[in-house]
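Notes follow once the structure below has been shown.
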Amino acid sequence: MKLVRLVKLKHKKTFERHRGENMNIAVLLKQVPDTTAKITISAGKVDESLVSKWSMSPYDEYALESGLQMKEASGGVLIAITCGPERAKKMLTDAAAVGADTLVHISDEGVKDSTHVQKLLAAAVKKFGADIVLCGKQAADTNGGSTGPGVAEILEVACVTLVSEVNYEDGKITTIRPSSMGTEKVSLNGMGVFAFDKGSSELRRPNVRGIMMAKKKVIESITSGDLGVELGISNITLDSQTPPPAKAAGQKFEGAEHVPTVVSKLRNEANVI
Amino acid sequence: MRIMAYEALDFYDVDSLLSDEERMVRDMVRDWVDEEVIPNIEKACRDGVFPDEWRVALGEMGVLGAPLKGYGCPGLSYTAYGVICRELERGDSGLRSFASVQGSLAMYPIWDFGSEEQKNHYLPKMASGEWIGCFGLTEPDYGSNPGDMITKAEDKGDHYLLNGAKMWITNGTIAEIAVVWAKLDGVIRGFIVEKNDPGFSAPEMKGKHSLKASVTSELVFQDCKIPKDRMLPDVKGLRGPFSCLNNARFGISWGALGSAQACFDSAKDYALSRIQFNHPIASYQLVQNKLAWMLREITKGQLLAYHLALKKDSGTWIPEHISLAKMNNVDIALEIARVARDIHGANGILDEYPIMRHMANLESVKTYEGTHDIHNLIIGRHITGIQAFTREV
């Protein structure tokens, strides 16, 4: 049985524009190598030019879906924001095809680490007057998990992580997240950043009408300068990247006499029984 | 989390020529086929049903009647229509047949030859998938020679009376409406017959070893009475059905490549993992020769289909162009399926692999919408100026 614990978060600051209804919903998206794409390392770094397919990071898809549902329930505008290279614009068009209204691409020129990305995203959230921010709990490529909390810190608002759904009810934003006892329902009476785990809703598919509308949508391209953000220096250097170690060859056993050995291996080595 | 395992064989990067919109449509259909069709297709074939949720999904995606504009239709390019057919047929030819019949054979004639009232009444509901359509041209005794059809319509003053029978009708039993070609005073005309019209029935044909996930039916008209406003006003003669068939055949020329790609992918994966004489069979020259031949033919077929799509979109095509592409691409797809079965060895006959299903499907695809031989005769007539269909020159 799942226990539901109710938690009320005190936020540090409310958004000035929080109106409850017809909210501006910002969804922070990242384009990552598709989870099935082959990753090639050359000279100690991932060679991005060899990535065959780029996709929206899967947790971000749940954030987007939740944002679309919120927009449909209470009205409002969904602002899809990404910080990345030119190729990331395609992902914004994909977001538009399922219903994103405003598309914002922040150039990643000069971006050295995730704190830079957070600064830019937070500045864009302010610039576009968002009332609520949704994002994935971590990106499928770096798995850093810092964007949501980092953006919340800069904006001085609450951050709820690992959420599976976000709803607007009676002037409050409520969300569901796991707790040590099962799940907990957390409510905020102000602005917050919500970092999504796998959501509880099925992701919507685009359709032809959405794709044709998306084609006509203009992507607002902005730079750190446009946002008035001084990126500054970075204390972090990515020294090298290495592929995971090659999987050890499998072992083959034939004949009933090996059953005790196999069982022992499954129990003690593979830890599956 | 979405499954995105499929990476299409595209040796000459032909898909890079697609517009962004066409690529997005491709990805939408491709993802749906991966997630909903491929995991369920073998069961659908075993049960001999076309899953109704596929009808709903095709309608929701908005791909039915892809290149038609207005009346709630998608208004995409013919290139996009081709891409949709290719992605659907990678799942199964029966699925692509459903979409071909709905869009090119049932919606198209209403869109091109129907009255405003007919277009407004039927097309939006057909584009959304709410109403399924079918197309009645072929008869038990008249396949390649539809001009001699027996089905006839009589003008009874305030209604038409239809008598006759059609055969091999995809979607027939599940259709709300049928676009039926019949002779009125000796001239072929198109009529819209609705499911509940008196004197109309559409029994399903059972026992197929091919296109098992597609519904195939007879259409029977026994003093079938239909209102006067159901005749398509703007077309007479074989031009009507042949216009529809041109569009459907165009879709097939792309669709067959989807089947071929599915067979190639399976054969490649199997050859790389199947060990004989201590080495993967992919390392043997005879197998590599087969895989190289498959890639060669698929690549040529892709270029043919893409260029034909450009001609369709620019209006510079002739029916012979379509005949060549339909004939070639189905022919190579069928041969690729057979060679893929060979590479799979005995495993190739199991439904664990898509091979035998695609092969059996393609036997139908080779025959329907103009048989392989008829398309050769169409091209033969183009080359020589002499028609060789009939002795009555």
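Line by line, the protein sequences are chains A and B. Residue 168 in this note's numbering sits at position 168 of the first sequence, with consecutive numbering throughout. Counting the second sequence from 1 gives a position; this note's numbering is that position plus 273. By construction, the Cβ of each residue, glycine as well, lies at the ideal position given by its N, Cα and C atoms.
- Among the residues facing chain A, Val306 (chain B) is not included, as its CB has no counterpart in that chain under 9 angstroms away.
- With contacts defined as CB atoms closer than 9 angstroms, Phe284 (chain B) and Thr489 (chain B) fail to qualify as a contacting pair.
- Listed along the chain, the chain A residues whose CB falls inside 8 angstroms of the CB of Val298 (chain B) are Val208 and Ile211.
- The continuous alpha helix (DSSP H) containing Phe537 (chain B) extends over residues Arg512 to Ser546.
- Taking 9 angstroms as the cut-off, the Cβ atoms of Glu280 (chain B) and Lys53 (chain A) count as close.
- Taking a beta-carbon distance threshold of 9 angstroms, Ser66 (chain A) does not count as an interface residue toward chain B.
- Each residue's CA atom was taken as its position, placing Ser366 (chain B) and Leu530 (chain B) some 11 angstroms apart.
- At a cut-off of 9 angstroms between beta-carbon atoms, Ala100 (chain A) makes no contact with chain B.
- DSSP, read as helix, strand or coil, puts Val374 (chain B) in helix.
- Chain-order list of chain B residues neighbouring Lys252 (chain A): empty, with the shortest C-beta distance near 12 angstroms, by a criterion of under 9 angstroms.
- Here Asp34 (chain A) is buried. Its C-beta has 16 or more other C-beta atoms within 10 Å.
- Glu295 (chain B) sits buried, since 16 or more C-beta atoms from the chains shown fall within 10 Å of its C-beta.
- Beta-bridge partners of Gln549 (chain B) (DSSP): B:His552.
- When DSSP reads this structure, Tyr344 (chain B) sits in no beta bridge, so it has no partner.
- Taking a 10 Å sphere around the C-beta of Arg363 (chain B), we find 16 or more other C-beta atoms and assign the residue as buried.
- Of the residues assessed, Ser49 (chain A) falls on the exposed side of the cut-off, its CB having fewer than 16 other CB atoms within 10 angstroms.
- At the C-beta level, Trp384 (chain B) and Tyr344 (chain B) come within 9 angstroms of one another.
- The three-state secondary structure of Trp441 (chain B), taken from DSSP, is strand.
- Boundaries of the beta strand (DSSP E) around Ile222 (chain A): Ile219 to Ile222.
- The DSSP-derived three-state label of Val166 (chain A) is strand.
- Approximately 7 angstroms separates the beta-carbon atoms of Glu491 (chain B) and Gly445 (chain B); this is inside 8 angstroms, confirming the contact.
- When beta bridges are read from the DSSP output, Thr175 (chain A) appears opposite A:Val166 and A:Val186.
- The C-alpha of Leu29 (chain A) lies about 8 angstroms from the C-alpha of Glu61 (chain A).
- At least one CB of chain A lies nearer than 9 angstroms to the CB of Val336 (chain B).
- Under a 10 Å Cβ-count criterion, Ile81 (chain A) is classified as buried, with 16 or more other Cβ atoms of the shown protein chains found around its own Cβ.
- Bridge partners of Phe408 (chain B) according to DSSP: B:Val452.
- Per DSSP, reduced to three states, the secondary structure at Tyr641 (chain B) is coil, with no helix or strand assignment.
- For Ala426 (chain B), the enclosing beta strand (DSSP E) begins and ends at Lys425 to Asp428.
- Secondary structure at Glu86 (chain A): helix, using DSSP grouped into helix, strand and coil.
- Contact annotation, Phe386 (chain B) with Gly463 (chain B): C-beta distance approximately 6 angstroms; criterion of less than 8 angstroms satisfied.
- No Cβ of chain A is located within less than 9 angstroms of the beta carbon of Ala426 (chain B).
- Not a single C-beta of chain A is nearer than 9 angstroms to the C-beta of Met629 (chain B).
- Separation of Glu86 (chain A) and Val46 (chain A) (C-alpha to C-alpha, rounded to the nearest whole angstrom) is 18 angstroms.
- Residues of chain A with a Cβ closer than 7 angstroms to the Cβ of Pro347 (chain B) are, in chain order, Val208.
- Residues of chain A whose Cβ lies closer than 8 angstroms to the Cβ of Asp293 (chain B) are, in chain order, Lys90, Thr93 and Lys215.
- Cβ-Cβ separation between Ile450 (chain B) and Gly406 (chain B): approximately 5 angstroms, consistent with a contact (criterion under 8 angstroms).
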